Amino acid sequence: MLKAGRNCEISLPLWHHPVSSTNVLVLGIRMHYFLVIIPLLAFNIDATTATLEFEGAPGWQVMLPTPGTHRASIVMEGTRRGIGCGKITGVCDENNARGGFLADRRGGTAIPPGKTYRLTVAYRTSAELSRHASVNVQSYTRDRKSQSLLGQKLTPSQEWTVFSNLVQVPEDAERIRITLYLYGKGTVWFDDVFFGETTDDAPNLLRNGGFEPPLCHVYDLAPERPSGNIKLFTDFENAALGKVKQIGPDEFYLYATPEKEPRSPFLWFHYGLAGGAGREITFHMNMAPFSAEQTSGNGNRIPVVSDDGDTWTGIDDKAWNEDGSCLTFKHRFTRSPAWVCSFFPFTPAHVTRFIAGREENPYFSAGTLGKTREERDLRYYTITDPSIPEADKRTFLFIALQHDLETTGALVLEGICRYLLSEDPGAAKLRQSFVTYVVPMMNPDGIAGGNLYCPVGNMNRQWGLGTVPEVELVERFARDLATRDRKIEIFMDFHGWCTPTRSTIFMTFGKELTDEGAEKDSLRLSNTVRKRVKGKLNDTVWRQMDSYVTSSMTDLHRMASGWMRFEAGARLAFTIEIFGDGNCSQDDYYDWGRAFAEAILEFYGS
Ligand SMILES: [Zn+2]
2 MLKAGRNCEI SLPLWHHPVS STNVLVLGIR MHYFLVIIPL LAFNIDATTA
52 TLEFEGAPGW QVMLPTPGTH RASIVMEGTR RGIGCGKITG VCDENNARGG
102 FLADRRGGTA IPPGKTYRLT VAYRTSAELS RHASVNVQSY TRDRKSQSLL
152 GQKLTPSQEW TVFSNLVQVP EDAERIRITL YLYGKGTVWF DDVFFGETTD
202 DAPNLLRNGG FEPPLCHVYD LAPERPSGNI KLFTDFENAA LGKVKQIGPD
252 EFYLYATPEK EPRSPFLWFH YGLAGGAGRE ITFHMNMAPF SAEQTSGNGN
302 RIPVVSDDGD TWTGIDDKAW NEDGSCLTFK HRFTRSPAWV CSFFPFTPAH
352 VTRFIAGREE NPYFSAGTLG KTREERDLRY YTITDPSIPE ADKRTFLFIA
402 LQHDLETTGA LVLEGICRYL LSEDPGAAKL RQSFVTYVVP MMNPDGIAGG
452 NLYCPVGNMN RQWGLGTVPE VELVERFARD LATRDRKIEI FMDFHGWCTP
502 TRSTIFMTFG KELTDEGAEK DSLRLSNTVR KRVKGKLNDT VWRQMDSYVT
552 SSMTDLHRMA SGWMRFEAGA RLAFTIEIFG DGNCSQDDYY DWGRAFAEAI
602 LEFYGS
C-alpha cells in the first residue's frame with residue numbers, strides 16, 4: 002500500500018486533491034458517458050471486456066505486504082453481478098505471503114458504533130489453494146486499540162458462495178477495517194461485499210462493495226482511431242508513460258504508469274508530443290494505480306506543459322472523472338515538439354541548459370564530482386567572485402534531489418543560484434563573502450529513469466556508509482574542503498513535500514547535539530528566512546541523535562545534514578522541505594529562492 006504522499010523527511014498528512022474543473026468540461030465528460038457507456042456496455046461487454054483487468058479498485062485499498070507474491074485487481078469476466086469483481090492471485094506461499102483488499106471506514110458517521118451490522122461476502126476460488134482466503138473485521142478506538150470483530154477462513158468453492166455473519170461494533174469504535182485476504186498460492190474472486198444494518202433495505206456502507214471497475218474503463222472500451230498526425234514520444238531522460246491509445250483526431254487515452262518496466266512508486270508521467278502545433282488536444286489519463294485522492298505525487302499542480310522543456314505552466318482546463326480514476330485535460334499547443342508532465346520536472350537536460358546559459362557569467366563555473374552508479378556525471382556549480390581570495394570567503398554547500406520527485410526543492414535551489422548570479426547588489430555582496438557550491442541533482446540515475454525514487458534505496462539514510470557512489474562523491478568533496486581549512490559554514494539539503502499550502506519546514510539540530518550557539522544561529526537563520534518568504538515556515542529541532550523522521554526512527558548521522566554537521570564539521574546544517582503548492586508557479590519557486598538568498602545576506606548582517 003502506498004502511503005499518502007512521498008517519502009519526504011516528515012510524515013505527511015493525507016492529501017486530497019481539490020477537483021478543479023470548468024463546468025463545461027465536467028458536463029462534457031458526463032455527456033461522454035451518456036453517449037458512450039450505454040452502447041458499449043450493451044453490445045460489447047461480452048466480447049471486448051473479457052480480458053480487461055484494472056490494477057487496484059476504487060473504494061478499496063490494495064494490501065500487498067509481501068511484494069511480488071500477490072496481485073490484486075478488478076476483472077470484468079466471471080463476475081457474480083455488475084460489471085466487475087475483485088480478484089487476488091498468489092504465486093508464493095512462503096513467509097506468510099498474502100495479498101488483499103481493505104475497506105477502511107473511519108469516524109462515527111460512516112459506520113455508527115454500538116450497533117449490530119450484517120457482513121455479506123460473495124466469493125469463489127480456484128480449484129487449488131495452497132493455503133486459504135479469509136475475511137476479517139477489526140475495530141479501532143480513538144487511541145488505536147484494536148479488537149477483532151470477525152476472523153473467518155473461507156471454505157474453498159469454485160462456484161460463487163455467499164458468506165454472511167453479524168458483526169457487533171463496540172461503542173468506542175471510531176474506525177472499522179474490513180479485509181479480504183488470500184494467503185498462499187491460488188486465486189480468489191470477491192463480489193457483492195455488503196456491510197450495513199440488518200434491516201432488509203439497509204444501504205451498503207462500503208463505497209464499492211460490488212468491485213465495479215473504475216469509470217475510466219469507458220475509454221478502455223473505446224475503439225482505437227489512429228490518425229498518425231500526432232506522435233507521443235518518451236525517448237528522453239525522465240520520460241514515463243504507459244499505454245497510449247488515440248481515440249479521435251485530437252483525443253488520446255493514456256495510462257500514466259508504464260507497465261512492464263521499472264517505474265516510480267509515486268505518480269510520475271512525462272511525455273513529448275510532436276505534430277500538435279495549432280491543435281487543441283484532449284487527453285484522458287488513467288491514473289491507475291493512483292487516483293485523484295491518492296496521487297502520491299509532488300504538489301497538486303497536475304499536469305504542466307512546456308514548449309522548450311525548461312519553462313512550465315499549469316494546464317487549467319482539466320477535470321477528474323467521478324471516481325477519481327481518470328484526469329481529462331485539454332491544451333491548445335502552439336509549438337512542436339512540446340512536453341507534458343505530471344508536475345514541474347527537473348531533468349538532466351535542464352541542468353545542461355542551465356550550465357550552458359551561464360558560461361559567460363564570470364561568477365559561475367560548473368564541474369563534475371565524478372560518476373554516478375550508471376556512469377552519469379554528478380555535476381556541481383561554484384558561484385563566487387573569483388577576484389576575492391578564497392581565504393577571505395566562507396563556504397556554503399547546498400544540495401537537492403536526493404529524492405527524485407521532490408523537484409520543488411530543486412526549483413528553490415535554482416532560484417537561489419539565479420539570484421546569486423544576478424546583477425543585484427545583494428548578490429554581489431554574497432559572491433564577495435562566500436563561495437557557494439551547489440549539487441543541483443544528487444540522483445541523476447533515478448531521475449533519468451523516470452523519477453524512480455531511490456533505485457539504490459533511500460539515499461538520505463546512507464551517508465557515511467560507503468553504499469551509494471553519489472553520496473560518497475559529495476562526502477569526499479566536503480572532506481577535501483575541510484582539509485583545505487574551508488569548512489562548510491552552512492549546509493542545506495533541499496527536499497520537497499506535498500502540502501497543498503505554502504508551508505516549509507526547516508529541520509536542524511538542537512543544543513543537546515550541537516551547542517547553544519549553533520542552535521541559536523540555526524533558529525535565527527530560519528526566523529530571518531521566515532520574515533522574507535511567502536507562506537508558513539516551521540522549525541523542527543532534533544534533540545536526540547536517533548529521531549523520528551518520516552515516522553520511523555532514523556540515525557541522524559546517516560542523513561546528509563547530520564553527516565555534514567557531525568562528520569564533516571559543517572557549522573550549521575539543515576534539511577529543508579519545500580512546499581508543493583498547486584497555485585505556485587515555477588517562477589514563484591524561483592522567487593522564493595531569491596527571498597531565501599536575501600535572508601542569508603541579512604543573516605550575515607548586511
Ligand atoms: Zn525527501
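Using this note's numbering, read the sequence shown as starting at 2 and increasing by one per residue.
For every residue, glycine included, the Cβ atom is placed at its ideal position computed from N, Cα and C.
Here the structure is a predicted model, which is why all the values come from computation and not from measurement.
query	result
Can you check DSSP and say which residues form a bridge with residue 282?	332
Please determine if the segment 578-588 and the segment 519-531 are in contact, where contact requires at least 3 C-beta pairs separated by less than 8 Å.	no
Following a CB-centred definition, is residue 471 positioned closer than 6 Å to any heavy atom of ligand 1?	no
Say yes only if the C-beta of residue 424 is nearer than 6 Å to one or more non-hydrogen atoms of ligand 1, and no if none qualify.	no
In angstroms, rounded to a whole number, what distance separates the CA positions of residue 547 and residue 363?	44 Å
Measuring CA to CA, which of 313, 450 and 418 is closest to residue 439?	418
Report yes if the C-beta of residue 407 is less than 6 Å from at least one heavy atom of ligand 3; otherwise report no.	As presented, the structure is devoid of ligand 3, carrying ligand 1 as its sole ligands.
Could you check how far apart the C-beta atoms of residue 197 and residue 118 are, in whole angstroms? I think they sit under 8 Å.	6 Å
Shortest alpha-carbon distance to residue 147 belongs to which of 179, 62, 591 and 368?	179
On the DSSP letters alone, give me the boundaries of the alpha helix (DSSP H) that residue 534 sits inside.	Residue 534 -> no alpha helix (DSSP H), and no H or E assigned at all.
Would residue 544 pass as a contact of residue 518 if the rule is Cβ separation under 7 Å?	no
Checking the sheet assignment: what are the DSSP bridge partners for residue 496?	578
Short of 6 Å in beta carbon distance, which residues of its chain neighbour residue 531, apart from the five on each side in sequence? Order them along the chain.	538
Indicate the three-state DSSP secondary structure (helix, strand or coil) for residue 196 in the structure shown.	strand
Distance, Cα to Cα, residue 256 vs residue 345?	19 Å
Taking the straight line between their C-alpha atoms, what separation do you get for residue 266 and residue 259?	11 Å
For residue 251, would you say it is in contact with chain C, using Cβ-to-Cβ distances shorter than 7 Å as the test?	Any reference to chain C falls outside this structure, which holds one protein chain only.
Whole angstroms are fine: how far does the CA of residue 384 sit from the CA of residue 605?	18 Å
Looking only at C-alpha atoms, which of 190, 143 and 520 sits nearest to residue 161?	190
What are the residues that DSSP puts in a beta bridge with residue 609?	No answer is possible for residue 609: the residues shown for the chain start at 2 and end at 607.
From the DSSP output, which residues share a beta bridge with residue 54?	76
Where do the N-terminal and C-terminal ends of the beta strand (DSSP E) with residue 253 fall, by residue?	252-256
With DSSP run on the structure shown, which of helix, strand or coil describes residue 590?	helix
Return yes when the Cβ of residue 494 is within less than 7 Å of the Cβ of residue 576, no when it is not.	yes
Going straight from the alpha carbon of residue 570 to that of residue 325, what length do you get?	49 Å
In the structure shown, what three-state DSSP assignment does residue 168 receive?	strand
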